[in-house]
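Residue 558, in this note's numbering, is where the sequence shown stops; the numbers in between run on with no holes.
Glycine included, each C-beta is placed from N, C-alpha and C at the ideal position.
Owing to the predicted nature of the structure, the values given are computational and were not obtained by experimental measurement.
Note sheet for the following structure.
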Amino acid sequence: MSEQSMSQRHNPNADLTVVYSSDPADGVRRITEAMAPFAGLSSDANVVIKPNLVVSRTKWLGANTRPEVVEALIVALRERGVERITVADGSGMGESATRAFGICGYDEIARKHGVRLVDIEHDDFIERKTRSKGPFSRLRISRTVAECDFLINVPLIKAHGQTRVTCSLKNLKGVMPRRSKTSFHLHDTERAIAQLGEVVTPDFILVDGTYGDVSSELGGNPVNIGIIAGGYDPLALDCFAATTLGFSPQEIKHIAHYARARGVDLESFEPRIHKLNSPSGATVFEADRGDLSRYRSTVHAGNVCSTCWGNLRFALERLRKARLLERSDHYFIGRNAVERLAGNDERRGGSSSKQWMVAVGDCARSELTAASGAESDTEITIAGCPPRAEAIVSAVRGAKR
(Lines of atoms letter the chains of each structure in order from A and count residues from 1; the text may use other names and numbers.)
(Lines give C-alpha, C1' and ligand atoms only; values in the text may rest on other atoms or scores of the structure.)
Protein backbone atom coordinates (compact mmCIF):
# COMPACT_ATOMS: atom_id res chain seq x y z
CA MET A 1 0.00 0.00 0.00
CA SER A 2 1.13 3.52 -0.71
CA GLU A 3 2.47 5.57 2.19
CA GLN A 4 0.96 8.72 0.67
CA SER A 5 -1.16 10.47 3.31
CA MET A 6 -4.89 10.99 2.98
CA SER A 7 -4.47 14.76 3.11
CA GLN A 8 -2.18 14.61 0.08
CA ARG A 9 -4.76 12.58 -1.84
CA HIS A 10 -7.78 14.59 -0.69
CA ASN A 11 -9.88 16.34 -3.30
CA PRO A 12 -10.51 19.83 -1.89
CA ASN A 13 -13.80 20.17 -3.75
CA ALA A 14 -15.54 16.95 -2.69
CA ASP A 15 -15.20 13.98 -0.36
CA LEU A 16 -16.71 11.55 -2.85
CA THR A 17 -17.87 11.47 -6.44
CA VAL A 18 -21.12 9.75 -7.45
CA VAL A 19 -22.55 8.66 -10.77
CA TYR A 20 -26.04 7.22 -11.25
CA SER A 21 -25.97 4.37 -13.73
CA SER A 22 -27.22 0.80 -14.06
CA ASP A 23 -24.22 0.01 -16.28
CA PRO A 24 -21.12 -0.78 -14.16
CA ALA A 25 -18.68 -0.19 -17.01
CA ASP A 26 -20.22 3.20 -17.77
CA GLY A 27 -20.25 4.21 -14.11
CA VAL A 28 -16.64 3.21 -13.44
CA ARG A 29 -15.46 4.95 -16.62
CA ARG A 30 -17.15 8.19 -15.61
CA ILE A 31 -15.74 8.04 -12.08
CA THR A 32 -12.17 7.29 -13.15
CA GLU A 33 -12.22 9.93 -15.88
CA ALA A 34 -13.53 12.56 -13.47
CA MET A 35 -11.25 11.69 -10.55
CA ALA A 36 -8.14 10.44 -12.40
CA PRO A 37 -7.11 8.23 -9.45
CA PHE A 38 -4.46 6.40 -11.49
CA ALA A 39 -2.76 9.45 -13.00
CA GLY A 40 0.41 9.05 -10.94
CA LEU A 41 0.82 5.30 -11.36
CA SER A 42 3.85 3.98 -13.19
CA SER A 43 3.51 1.11 -15.63
CA ASP A 44 5.37 -1.26 -13.29
CA ALA A 45 3.24 -0.45 -10.22
CA ASN A 46 1.96 -3.46 -8.29
CA VAL A 47 -1.82 -2.86 -8.03
CA VAL A 48 -4.21 -4.93 -5.93
CA ILE A 49 -7.99 -4.76 -6.33
CA LYS A 50 -9.87 -5.97 -3.27
CA PRO A 51 -13.55 -6.74 -4.02
CA ASN A 52 -16.15 -8.15 -1.61
CA LEU A 53 -16.68 -11.85 -2.34
CA VAL A 54 -18.42 -12.91 0.85
CA VAL A 55 -20.38 -15.83 -0.64
CA SER A 56 -19.51 -18.57 -3.13
CA ARG A 57 -22.94 -19.63 -4.40
CA THR A 58 -24.91 -18.97 -7.55
CA LYS A 59 -27.34 -16.48 -5.95
CA TRP A 60 -24.70 -13.89 -5.10
CA LEU A 61 -26.19 -10.67 -6.53
CA GLY A 62 -26.31 -7.98 -3.85
CA ALA A 63 -23.79 -9.86 -1.71
CA ASN A 64 -20.66 -9.84 -3.90
CA THR A 65 -18.95 -7.10 -5.89
CA ARG A 66 -20.09 -7.41 -9.49
CA PRO A 67 -17.27 -8.61 -11.78
CA GLU A 68 -18.19 -5.96 -14.37
CA VAL A 69 -17.13 -3.28 -11.87
CA VAL A 70 -13.73 -4.90 -11.33
CA GLU A 71 -13.26 -5.49 -15.06
CA ALA A 72 -13.93 -1.81 -15.74
CA LEU A 73 -11.22 -0.91 -13.22
CA ILE A 74 -8.81 -3.32 -14.90
CA VAL A 75 -9.53 -1.70 -18.28
CA ALA A 76 -8.91 1.76 -16.82
CA LEU A 77 -5.60 0.59 -15.33
CA ARG A 78 -4.51 -1.04 -18.58
CA GLU A 79 -5.22 2.23 -20.40
CA ARG A 80 -2.72 3.83 -18.02
CA GLY A 81 -0.20 1.15 -19.01
CA VAL A 82 -0.33 -0.70 -15.66
CA GLU A 83 0.58 -4.36 -16.15
CA ARG A 84 0.83 -5.91 -12.68
CA ILE A 85 -2.75 -6.26 -11.45
CA THR A 86 -4.00 -8.68 -8.79
CA VAL A 87 -7.57 -9.30 -7.65
CA ALA A 88 -7.51 -10.59 -4.07
CA ASP A 89 -10.05 -11.41 -1.38
CA GLY A 90 -10.91 -13.84 1.38
CA SER A 91 -14.53 -14.97 1.71
CA GLY A 92 -16.84 -15.33 4.71
CA MET A 93 -17.14 -18.28 7.06
CA GLY A 94 -17.91 -21.50 5.21
CA GLU A 95 -17.35 -19.84 1.85
CA SER A 96 -14.42 -19.76 -0.58
CA ALA A 97 -13.01 -16.92 -2.65
CA THR A 98 -11.56 -19.50 -5.04
CA ARG A 99 -15.05 -20.86 -5.72
CA ALA A 100 -16.48 -17.33 -5.88
CA PHE A 101 -13.92 -16.37 -8.53
CA GLY A 102 -15.35 -19.11 -10.76
CA ILE A 103 -19.04 -18.69 -9.93
CA CYS A 104 -19.09 -14.90 -10.36
CA GLY A 105 -17.01 -14.78 -13.53
CA TYR A 106 -13.70 -13.48 -12.15
CA ASP A 107 -11.81 -16.47 -13.59
CA GLU A 108 -12.91 -15.48 -17.07
CA ILE A 109 -11.94 -11.84 -16.50
CA ALA A 110 -8.50 -12.94 -15.25
CA ARG A 111 -7.91 -15.00 -18.39
CA LYS A 112 -9.18 -12.24 -20.65
CA HIS A 113 -7.01 -9.49 -19.18
CA GLY A 114 -4.06 -11.48 -17.86
CA VAL A 115 -4.49 -10.57 -14.19
CA ARG A 116 -3.69 -12.66 -11.13
CA LEU A 117 -6.32 -13.95 -8.70
CA VAL A 118 -5.39 -14.53 -5.05
CA ASP A 119 -7.52 -16.28 -2.46
CA ILE A 120 -6.27 -14.53 0.68
CA GLU A 121 -7.09 -17.59 2.79
CA HIS A 122 -4.03 -19.19 1.17
CA ASP A 123 -1.77 -16.13 1.28
CA ASP A 124 1.13 -15.33 3.61
CA PHE A 125 0.51 -12.78 6.36
CA ILE A 126 2.46 -10.10 8.16
CA GLU A 127 1.71 -8.30 11.43
CA ARG A 128 0.95 -4.62 11.71
CA LYS A 129 0.62 -2.56 14.90
CA THR A 130 -2.72 -0.93 15.55
CA ARG A 131 -2.84 2.83 16.15
CA SER A 132 -5.84 3.41 18.42
CA LYS A 133 -7.40 1.83 21.49
CA GLY A 134 -9.31 -1.37 20.93
CA PRO A 135 -9.25 -5.15 21.40
CA PHE A 136 -6.07 -5.71 19.36
CA SER A 137 -2.52 -4.39 19.57
CA ARG A 138 -1.56 -6.11 16.30
CA LEU A 139 -3.43 -7.39 13.27
CA ARG A 140 -2.37 -9.94 10.66
CA ILE A 141 -2.65 -8.65 7.11
CA SER A 142 -2.31 -10.37 3.74
CA ARG A 143 1.21 -9.98 2.39
CA THR A 144 -0.21 -9.49 -1.11
CA VAL A 145 -2.21 -6.51 0.16
CA ALA A 146 0.38 -5.12 2.57
CA GLU A 147 3.22 -5.09 0.04
CA CYS A 148 1.39 -3.73 -3.01
CA ASP A 149 2.07 -0.25 -4.38
CA PHE A 150 -1.55 0.73 -4.86
CA LEU A 151 -4.62 -0.78 -3.16
CA ILE A 152 -8.14 -0.34 -4.54
CA ASN A 153 -10.97 -1.25 -2.17
CA VAL A 154 -14.17 -2.22 -4.04
CA PRO A 155 -16.98 -2.84 -1.51
CA LEU A 156 -20.75 -2.86 -1.93
CA ILE A 157 -23.40 -0.77 -0.22
CA LYS A 158 -25.42 -3.35 1.68
CA ALA A 159 -27.00 -4.12 5.02
CA HIS A 160 -25.30 -6.34 7.60
CA GLY A 161 -26.85 -8.60 10.18
CA GLN A 162 -24.51 -7.55 13.00
CA THR A 163 -23.03 -4.16 12.13
CA ARG A 164 -26.14 -2.92 10.24
CA VAL A 165 -24.02 -1.48 7.41
CA THR A 166 -21.08 -2.84 5.47
CA CYS A 167 -19.07 -0.79 3.00
CA SER A 168 -15.43 0.26 2.75
CA LEU A 169 -14.28 -0.19 6.38
CA LYS A 170 -16.03 -3.52 6.94
CA ASN A 171 -14.85 -4.87 3.57
CA LEU A 172 -11.24 -4.74 4.78
CA LYS A 173 -11.84 -7.79 6.99
CA GLY A 174 -11.25 -9.84 3.85
CA VAL A 175 -7.52 -9.03 3.96
CA MET A 176 -7.03 -11.06 7.17
CA PRO A 177 -6.74 -14.81 7.78
CA ARG A 178 -9.91 -16.63 8.79
CA ARG A 179 -8.82 -17.03 12.40
CA SER A 180 -8.38 -13.27 12.74
CA LYS A 181 -11.82 -12.65 11.27
CA THR A 182 -13.31 -15.03 13.80
CA SER A 183 -11.50 -13.31 16.65
CA PHE A 184 -13.23 -10.03 15.75
CA HIS A 185 -16.54 -11.59 16.73
CA LEU A 186 -15.16 -12.78 20.05
CA HIS A 187 -14.21 -9.25 21.08
CA ASP A 188 -15.46 -5.74 20.30
CA THR A 189 -16.19 -6.22 16.58
CA GLU A 190 -17.05 -2.62 15.79
CA ARG A 191 -13.98 -1.15 17.48
CA ALA A 192 -11.80 -3.80 15.84
CA ILE A 193 -13.13 -2.79 12.41
CA ALA A 194 -12.15 0.80 13.18
CA GLN A 195 -8.65 -0.36 14.19
CA LEU A 196 -8.32 -2.30 10.93
CA GLY A 197 -9.33 0.80 8.97
CA GLU A 198 -6.34 2.65 10.43
CA VAL A 199 -3.93 -0.18 9.63
CA VAL A 200 -5.05 -0.84 6.05
CA THR A 201 -5.44 2.39 4.09
CA PRO A 202 -6.53 1.92 0.46
CA ASP A 203 -5.22 4.36 -2.13
CA PHE A 204 -8.59 4.50 -3.86
CA ILE A 205 -12.10 3.31 -2.96
CA LEU A 206 -14.63 2.45 -5.66
CA VAL A 207 -18.04 1.53 -4.23
CA ASP A 208 -20.28 -0.82 -6.20
CA GLY A 209 -23.77 0.45 -5.45
CA THR A 210 -25.41 -1.02 -8.55
CA TYR A 211 -27.03 -3.70 -6.37
CA GLY A 212 -27.06 -3.95 -2.59
CA ASP A 213 -28.88 -6.22 -0.20
CA VAL A 214 -31.67 -4.73 1.85
CA SER A 215 -31.28 -6.94 4.92
CA SER A 216 -28.12 -9.09 4.96
CA GLU A 217 -24.48 -9.14 3.94
CA LEU A 218 -25.06 -12.66 2.60
CA GLY A 219 -27.62 -11.59 0.02
CA GLY A 220 -31.10 -12.88 -0.66
CA ASN A 221 -32.89 -9.55 -1.10
CA PRO A 222 -30.89 -7.63 -3.75
CA VAL A 223 -32.05 -4.13 -4.62
CA ASN A 224 -31.02 -2.26 -7.76
CA ILE A 225 -29.92 1.22 -6.65
CA GLY A 226 -27.76 2.15 -9.64
CA ILE A 227 -24.92 3.97 -7.89
CA ILE A 228 -21.16 3.97 -8.40
CA ALA A 229 -19.18 6.10 -5.95
CA GLY A 230 -15.48 6.88 -5.74
CA GLY A 231 -13.27 8.56 -3.18
CA TYR A 232 -10.23 8.39 -0.96
CA ASP A 233 -11.80 8.80 2.47
CA PRO A 234 -13.48 5.67 3.92
CA LEU A 235 -15.30 7.79 6.49
CA ALA A 236 -17.04 9.87 3.83
CA LEU A 237 -17.96 6.84 1.75
CA ASP A 238 -19.24 4.84 4.72
CA CYS A 239 -21.34 7.79 5.92
CA PHE A 240 -22.79 7.98 2.41
CA ALA A 241 -23.49 4.23 2.48
CA ALA A 242 -25.17 4.47 5.90
CA THR A 243 -27.56 7.21 4.80
CA THR A 244 -28.27 5.35 1.56
CA LEU A 245 -29.33 2.33 3.64
CA GLY A 246 -31.52 4.45 5.91
CA PHE A 247 -29.24 4.91 8.92
CA SER A 248 -27.67 7.91 10.55
CA PRO A 249 -23.86 7.41 10.55
CA GLN A 250 -23.91 7.94 14.33
CA GLU A 251 -25.96 4.74 14.63
CA ILE A 252 -23.20 2.64 13.07
CA LYS A 253 -20.68 1.92 15.83
CA HIS A 254 -17.63 1.12 13.70
CA ILE A 255 -18.11 4.35 11.74
CA ALA A 256 -18.41 6.28 15.01
CA HIS A 257 -15.27 4.63 16.44
CA TYR A 258 -13.30 5.33 13.27
CA ALA A 259 -14.44 8.96 13.22
CA ARG A 260 -13.50 9.41 16.88
CA ALA A 261 -10.03 7.96 16.25
CA ARG A 262 -9.64 10.47 13.41
CA GLY A 263 -10.83 13.34 15.59
CA VAL A 264 -13.95 13.90 13.48
CA ASP A 265 -17.26 14.97 15.03
CA LEU A 266 -19.90 12.89 13.23
CA GLU A 267 -22.66 15.18 14.43
CA SER A 268 -21.33 17.96 12.21
CA PHE A 269 -19.64 15.89 9.50
CA GLU A 270 -21.49 16.00 6.18
CA PRO A 271 -19.64 14.43 3.22
CA ARG A 272 -19.39 16.75 0.22
CA ILE A 273 -20.73 14.91 -2.80
CA HIS A 274 -19.85 15.68 -6.41
CA LYS A 275 -22.62 14.25 -8.60
CA LEU A 276 -21.60 13.63 -12.19
CA ASN A 277 -25.21 13.24 -13.32
CA SER A 278 -28.75 12.99 -12.01
CA PRO A 279 -31.05 9.95 -11.89
CA SER A 280 -33.80 12.09 -13.42
CA GLY A 281 -34.69 13.28 -16.90
CA ALA A 282 -32.84 11.54 -19.69
CA THR A 283 -30.95 9.33 -17.23
CA VAL A 284 -34.03 7.62 -15.74
CA PHE A 285 -33.58 3.88 -15.80
CA GLU A 286 -36.19 1.31 -14.95
CA ALA A 287 -36.23 0.05 -11.38
CA ASP A 288 -36.54 -3.53 -10.21
CA ARG A 289 -39.95 -3.28 -8.55
CA GLY A 290 -39.43 -6.32 -6.34
CA ASP A 291 -41.81 -7.89 -3.84
CA LEU A 292 -43.27 -5.43 -1.33
CA SER A 293 -45.49 -7.93 0.48
CA ARG A 294 -43.31 -7.82 3.61
CA TYR A 295 -44.20 -4.15 4.09
CA ARG A 296 -47.58 -3.24 5.56
CA SER A 297 -48.05 -0.06 3.56
CA THR A 298 -49.22 0.62 0.00
CA VAL A 299 -46.64 1.95 -2.46
CA HIS A 300 -47.74 3.90 -5.54
CA ALA A 301 -44.90 3.98 -8.07
CA GLY A 302 -44.99 6.00 -11.25
CA ASN A 303 -42.08 6.46 -13.63
CA VAL A 304 -39.36 5.90 -11.06
CA CYS A 305 -35.60 5.47 -11.42
CA SER A 306 -33.79 2.64 -9.68
CA THR A 307 -31.87 4.82 -7.21
CA CYS A 308 -35.02 6.47 -5.86
CA TRP A 309 -36.80 3.11 -5.69
CA GLY A 310 -33.85 1.39 -4.05
CA ASN A 311 -33.56 4.08 -1.39
CA LEU A 312 -37.28 3.69 -0.62
CA ARG A 313 -36.83 -0.09 -0.29
CA PHE A 314 -34.02 0.45 2.19
CA ALA A 315 -36.13 2.96 4.11
CA LEU A 316 -39.15 0.64 4.23
CA GLU A 317 -36.96 -2.09 5.69
CA ARG A 318 -35.74 0.24 8.44
CA LEU A 319 -39.30 1.44 9.13
CA ARG A 320 -40.59 -2.14 9.22
CA LYS A 321 -38.06 -3.10 11.85
CA ALA A 322 -38.94 0.02 13.84
CA ARG A 323 -42.67 -0.93 13.65
CA LEU A 324 -43.50 2.35 11.95
CA LEU A 325 -45.43 0.97 8.97
CA GLU A 326 -49.24 0.87 9.00
CA ARG A 327 -51.68 -0.67 6.52
CA SER A 328 -53.31 2.73 6.08
CA ASP A 329 -50.03 4.37 4.95
CA HIS A 330 -49.58 5.34 1.31
CA TYR A 331 -46.13 6.00 -0.17
CA PHE A 332 -45.77 7.80 -3.50
CA ILE A 333 -42.62 7.68 -5.59
CA GLY A 334 -41.70 8.77 -9.11
CA ARG A 335 -43.57 10.76 -11.71
CA ASN A 336 -47.35 10.27 -12.05
CA ALA A 337 -47.47 8.29 -8.80
CA VAL A 338 -50.06 10.48 -7.06
CA GLU A 339 -52.63 10.16 -9.83
CA ARG A 340 -52.62 6.39 -9.33
CA LEU A 341 -54.24 6.78 -5.91
CA ALA A 342 -57.55 8.04 -7.28
CA GLY A 343 -58.18 4.92 -9.33
CA ASN A 344 -56.64 2.47 -6.90
CA ASP A 345 -59.23 0.13 -5.37
CA GLU A 346 -56.62 -1.97 -3.61
CA ARG A 347 -56.05 0.21 -0.55
CA ARG A 348 -55.20 -1.85 2.44
CA GLY A 349 -57.89 -0.61 4.80
CA GLY A 350 -59.07 -2.11 8.06
CA SER A 351 -56.95 0.09 10.31
CA SER A 352 -58.05 2.84 12.66
CA SER A 353 -54.67 4.56 12.27
CA LYS A 354 -54.15 7.84 10.49
CA GLN A 355 -53.88 7.58 6.74
CA TRP A 356 -50.41 8.96 6.19
CA MET A 357 -49.55 10.16 2.69
CA VAL A 358 -45.80 10.06 2.14
CA ALA A 359 -44.30 11.62 -0.99
CA VAL A 360 -40.77 10.39 -1.59
CA GLY A 361 -38.49 12.54 -3.75
CA ASP A 362 -38.94 15.72 -5.73
CA CYS A 363 -41.22 14.22 -8.41
CA ALA A 364 -43.83 12.80 -6.03
CA ARG A 365 -43.45 15.70 -3.61
CA SER A 366 -44.45 18.32 -6.18
CA GLU A 367 -47.34 16.19 -7.42
CA LEU A 368 -48.77 15.55 -3.94
CA THR A 369 -48.50 19.23 -3.05
CA ALA A 370 -50.29 20.19 -6.28
CA ALA A 371 -53.01 17.56 -5.78
CA SER A 372 -53.78 18.38 -2.15
CA GLY A 373 -53.66 22.13 -2.59
CA ALA A 374 -52.79 22.70 1.06
CA GLU A 375 -50.53 21.20 3.66
CA SER A 376 -52.04 18.47 5.83
CA ASP A 377 -50.90 17.08 9.16
CA THR A 378 -51.08 13.61 7.65
CA GLU A 379 -48.83 14.41 4.68
CA ILE A 380 -45.08 13.80 4.77
CA THR A 381 -42.92 15.08 1.94
CA ILE A 382 -39.25 14.20 1.49
CA ALA A 383 -37.21 16.33 -0.89
CA GLY A 384 -34.28 15.07 -2.93
CA CYS A 385 -33.30 13.69 -6.31
CA PRO A 386 -32.69 11.08 -5.19
CA PRO A 387 -33.94 11.28 -1.60
CA ARG A 388 -31.75 9.58 0.98
CA ALA A 389 -33.20 6.56 2.75
CA GLU A 390 -32.05 8.07 6.04
CA ALA A 391 -34.06 11.23 5.26
CA ILE A 392 -37.17 9.13 4.55
CA VAL A 393 -36.80 7.24 7.82
CA SER A 394 -36.19 10.42 9.82
CA ALA A 395 -39.19 12.22 8.31
CA VAL A 396 -41.60 9.36 8.96
CA ARG A 397 -40.25 8.72 12.46
CA GLY A 398 -40.51 12.41 13.31
CA ALA A 399 -44.10 12.69 12.06
CA LYS A 400 -45.36 9.56 13.77
CA ARG A 401 -43.75 10.05 17.17
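| Check | Outcome |
| --- | --- |
| When the Cα of Gly-420 is compared with those of Ala-351, Ser-551 and Phe-307, which residue comes out closest? | Ala-351 |
| Any heavy atom of the ligand FAD within a distance shorter than 6 Å of the CB on Ala-472? | Absent from the structure shown: the ligand FAD. Ligands present: none. |
| With DSSP run on the structure shown, which of helix, strand or coil describes Leu-473? | helix |
| Taking all protein chains shown into account, decide if Asp-486 is buried (16 or more other Cβ within 10 angstroms of its Cβ) or exposed. | buried |
| Could you name the residues of the same chain whose beta carbon sits closer than 6 Å to that of Glu-125, not counting the 5 residues immediately before and after it, in chain order? | What the structure shows of the chain is the stretch from 158 to 558, and residue 125 is not part of that stretch, so it cannot be assessed. |
| Is it buried or exposed, Ala-349, if we count other Cβ atoms within 10 angstroms and call 16 or more buried? | buried |
| Measuring only the C-alpha atoms, how far is Ala-413 from Ser-405? | 10 Å |
| Measure the Cβ-Cβ separation of Gly-251 and Glu-278 and say whether it is below 7 Å. | no |
| Compare the beta carbon distance of Val-332 and Ser-294 with 7 Å and say whether it is the shorter of the two. | no |
| From Leu-210 to Ala-527, what distance separates their C-alpha atoms? | 47 Å |
| Can you tell which of Gly-271, Thr-301, Asp-264 and Arg-273 has its C-alpha closest to the C-alpha of Asp-281? | Thr-301 |
| Could you say which of Val-517, Arg-554, Ala-556 and Leu-525 lies nearest to Ala-540 if we only look at CA atoms? | Val-517 |
| Starting from Phe-361, trace the beta strand (DSSP E) both ways and give me its first and last residue. | 361-370 |
| Under 7 Å between the Cβ atoms of Ile-314 and Gly-354? | no |
| Buried or exposed: which applies to Glu-424, given that a residue is buried once 16 or more other Cβ atoms fall within 10 Å of its Cβ? | exposed |
| If we count the other Cβ atoms within 10 Å of its Cβ and call it buried at 16 or more, is Asp-370 buried or exposed? | buried |
| For Val-275, tell me which candidate among Cys-261, Arg-268, Ala-386 and Ala-254 has the shortest Cα-Cα distance. | Ala-254 |
| Can you name the start and end residues of the beta strand (DSSP E) that Val-332 belongs to? | Careful: Val-332 lies outside any beta strand (DSSP E) and carries neither H nor E. |
| Given that a residue counts as buried once 16 or more other Cβ atoms are within 10 Å of its Cβ, and exposed if not, what is Asp-422? | exposed |
| Would you tell me roughly how many angstroms separate the C-alpha atoms of Ile-188 and Val-311, rounded to the nearest one? | 13 Å |
| Tell me which residues share the same chain as Lys-216 and place their Cβ nearer than 7 Å to its Cβ, disregarding the 5 neighbours each side in the sequence. | Gly-376 |
| Out of curiosity, what's the CA-to-CA distance linking Val-356 and Thr-339? | 18 Å |
| Could you check how far apart the C-beta atoms of Ala-418 and Ser-289 are, in whole angstroms? I think they sit under 8 Å. | 4 Å |
| Consult DSSP for Ala-548 and reduce its assignment to one of helix, strand or coil. | helix |
| Ordered along the chain, which non-local residues of its own chain (more than five positions away) have a Cβ less than 7 Å from that of Arg-453? | Leu-482, Glu-483 and Arg-484 |
| So, are the CB atoms of Leu-198 and Val-239 less than 7 Å apart? | yes |
| In its own chain, which residues sit with a C-beta less than 8 Å from the C-beta of Thr-535, not counting the 5 before and 5 after it? | Lys-511, Gln-512, Trp-513 and Met-514 |
| Using the rule of at least 16 other Cβ atoms within 10 Å of the residue's Cβ for burial, across every protein chain shown, is Lys-207 buried or exposed? | buried |
| Helix, strand or coil: which one does DSSP assign to Glu-347? | helix |
| Leaving aside the five residues before and after Ile-260 along the sequence, list all residues of the same chain whose C-beta is less than 8 Å from its C-beta, in chain order. | Ser-213, Arg-214, Thr-215 and Trp-217 |
| Could you work out which residue in His-411, Asp-172 and Pro-292 is closest to Leu-363 when comparing CA atoms only? | Asp-172 |
| I'd like to know whether the C-beta atoms of Val-185 and Lys-432 end up nearer to each other than 7 Å. | no |
| With DSSP as the reference, please indicate the residues paired to Phe-307 in a beta bridge. | Val-204 |
| Which runs of the alpha helix (DSSP H) at least 4 residues long sit entirely within the stretch 369-439? Give them in chain order. | 391-402 and 410-419 |
| Flag this pair as yes or no: are the beta carbons of Arg-492 and Asn-468 separated by less than 7 Å? | no |
| Is the beta carbon of Cys-324 less than 7 Å from the beta carbon of Val-205? | no |
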